[in-house]
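For reference, the structure is listed below as structure tokens.
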Amino acid sequence: MDLFSNNAETVLASALTSDSGDSGYGTIVTTGAGLDGFANPSGTRSLRATITDATMPGQWECVTIRQIDGVNLIVDRGVELPWDAGGPMAWPAGAKVSVRVTAGMLEAFVQMQPNGFFGPALSGADRYAALGYPALKSAWPQMLAAPTLNWHRAGNGMSIVGGSMFVDLGTPPAWAAGNILHGDVVVPAVADGCQYWACTNQAGAVYAGTAPDFQGAGTHVPLDPANPPLGYWVPVPMPVNLLVRLEGVRIVVEEVGFIASVVTATAPPTVSIGSNLGSSDPRPTRFANAVALSQITGGGESHRIPIAVGGQLSNALTFRVDTPAAGGQFAGRFYWRGFYVE
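Residues in the sequence shown are numbered consecutively from 0, following numbering that gives the first Met the number 0.
Now the structure itself:
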């Protein structure tokens, strides 16, 4: 793990050879000036530094400082170099050793490129749980000083929304060559007990022209065997009966429902939504019992079911279709809204 220091710099007390056979290789002898500004590396925590000299314009060498021993820096040489350098370089006495952020360090940072499908997300939480979702804090605000209250955010959390995988609660179409959108649902020409949803992670359509080798439950397969990077078909056993586990946290459920993407059915499905408190206490109809999704008449619509029941917090939710939609597709995702509790 990298350490960081502000405006930390020292100089070489003696020349530094590029010869790996020299006994000084891997040890930088400094004058000691400025070393008090260097973070102290130890174990797996290291400090990146750059060697430069005014007599060698355009040349530089990045090293990783593993240990500071008096005026000596124990380093890994040549960690980053100019493109035309063949290895560690020779440096004269007086060359500067500066602690800087380097290109190699920046390349190691997590980055995100918004592409219309995934993008930046903002959160007002100061503490996280459940893969980044904010949770109600277990810490109680202390009434001693304003900074303490500010730090604990007065113990507040916020509601979050989650969604299931894509499913078709009606009659999914058979696979056919053509354009595929993320979330499309199909069935194989030869039934295998599953429907398959397309995971492309692309905002637009991708073209798949070769029939997939569907494998049944438990195995996702390429959208197009001739072009695997396009994405995958993910199997969902039929009839749809999903179990969504919320690892490591519990949730107070405020609302559940279904968000439709494609609807051609003439009659809506009925569904049940519940919780699974353990093998000895399943409650598949706790939040919705054979509810017809009648608020949905087309794609891009939702059916909302506000929840008033309390009781035991949930760490697993269940979604099942009781009666499939009639006359066509009814594709989309189940969703839930609530707040996590640490």
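For glycine and all other residues, C-beta sits at the position ideal for the given N, C-alpha and C. Keep in mind it's a predicted model, so treat the numbers as computed, not measured.
Close Cβ partners of residue i (< 6 Å) along its chain, the five nearest in sequence each way excluded
i      : result
GLY86  : GLY77
ARG282 : GLY273, SER274
THR30  : VAL10, ALA12
Local conformation of residue i per DSSP, three classes
i      : result
LEU15  : strand
PRO171 : coil
PRO283 : strand
SER122 : Any reading at SER122 is ruled out, since the residue's pLDDT is 42, under 50, leaving its predicted position unreliable.
CYS267 : A small correction: the amino acid at residue 267 is Pro; Cys does not occupy that position in the sequence shown. It is coil, neither helix nor strand.
LEU229 : helix
ALA291 : strand
PHE333 : strand
ILE306 : coil
LEU316 : strand
GLY217 : coil
GLU300 : coil
GLY273 : strand
Nearest neighbour of residue i, chosen from the options [CA to CA]
i      : options                        : result
ARG99  : ASN71, THR269, LEU46           : LEU46
THR317 : VAL239, ALA330, ALA202, VAL189 : VAL239
CYS198 : PRO234, THR296, PHE338, LEU168 : PRO234
PRO81  : LEU242, SER4, ILE50            : ILE50
ALA94  : THR209, CYS61, ASN5            : CYS61
ALA350 : ILE306, VAL185, ALA291         : Beyond the ends of the chain as shown, which are 0 and 341, falls residue 350; an answer cannot be given.
ALA188 : ALA176, HIS181, GLY182, LEU180 : ALA176
ASN71  : PRO56, GLN58, PRO40            : PRO40
PRO267 : MET157, GLY309, THR322, TRP232 : THR322
Neighbourhood of residue i by C-beta distance below 7 Å, restricted to the same chain and skipping five residues each side
i      : result
ALA92  : LEU11, ALA12, SER13, ALA14
THR263 : GLY327, GLN328
Same chain, Cβ closer than 8 Å to residue i, neighbours up to 5 away in sequence not counted
i      : result
PRO236 : GLY192, CYS193, ALA216
VAL160 : TYR334, TRP335, ARG336
THR218 : PRO234
Contact belief for residue i with residue j at Cβ below 8 Å, rounded distance in angstroms
i      : j      : result
PHE165 : ALA330 : 7 Å
ILE295 : PHE257 : 7 Å
TYR195 : ASN178 : Actually they are not in contact, since the Cβ atoms of TYR195 and ASN178 sit about 16 Å apart, beyond 8 Å.
ILE306 : PHE338 : Not really, about 12 Å apart at Cβ, beyond 8 Å.
ALA289 : THR265 : Going by Cβ atoms, the distance from ALA289 to THR265 rounds to 19 Å, so no, they are not a contact pair.
Any non-hydrogen atom of the ligand COA closer than 8 Å to residue i Cβ
i     : result
VAL70 : Ligands displayed in this structure: none; no statement on the ligand COA is therefore possible.
Review point. Which runs of the alpha helix (DSSP H), 4 residues or longer, sit entirely within the region 32-109?
Key: 102-106
Practice item. Ignoring anything shorter than 3 residues or poking outside the region 232-263, list the beta strand (DSSP E) runs there in chain order. Key: 240-244, 249-262
**Study point:** Segments assigned beta strand (DSSP E), at least 3 residues, entirely inside the region 156-210
**Key:** 159-162, 177-179, 193-198, 205-207
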